[in-house]
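Residues 116 to 205 in my numbering are what the sequence shown spells out, letter by letter. I have placed the structure first, in the form of structure tokens, so that the comments after it can refer back to it.
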Amino acid sequence: MSFFSSWIKVIFIIALAFPLYSGDSLFDKFYVLLYIQQPECQVYRERLHACTNEMDPICGTNGHTYYNVCVFCSSQLRDGSFRFRHYGKC
């Protein structure tokens, strides 16, 4: 019986760890949607392209790294064909 329960534990741990190591998984998409606060781009609608040179990278779904939230939002409001992926470089 203990052999069987050991295998159940191993399979359970692998099932929990797999999404963390599997690149662009479905888990990553839900994690971004639920737990990471996405930038509020409506704040930048009044001042498009009047951004500072502060380096705080943000990655878009188009694979482009933007310098900061202001530059990201200005480009997104102008273009609109991409969304927020994660904070940091792509």
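Every residue, glycine too, gets a C-beta built ideally from N, C-alpha and C. Values in this document were obtained by computation on a predicted structure and should not be read as measured data.
My output table needs one value for residue i: the three-state DSSP class, helix, strand or coil.
i	result
Q153	coil
Any idea if residue i is buried or exposed, counting beta-carbon neighbours within 10 angstroms, 16 or more meaning buried?
i	result
G175	buried
Q157	exposed
Y173	Checking the sequence shown, residue 173 turns out to be Ile, not Tyr. When all chains shown are included, I173 counts as buried.
Q152	exposed
F127	exposed
S189	buried
Legend entry - Runs of alpha helix (DSSP H) lying entirely within the region 161–204, each at least 4 residues, in chain order: Every alpha helix (DSSP H) of 4 residues or more that sits fully in the region 161–204 is shown, in chain order, as 184–194.
Inset, instruction - Examine the Cβ distances between the region 198–205 and the region 158–170 and report whether three or more of them are shorter than 8 Å. - result: The answer is no - the region 158–170 does not touch the region 198–205, with fewer than three Cβ pairs under 8 Å.
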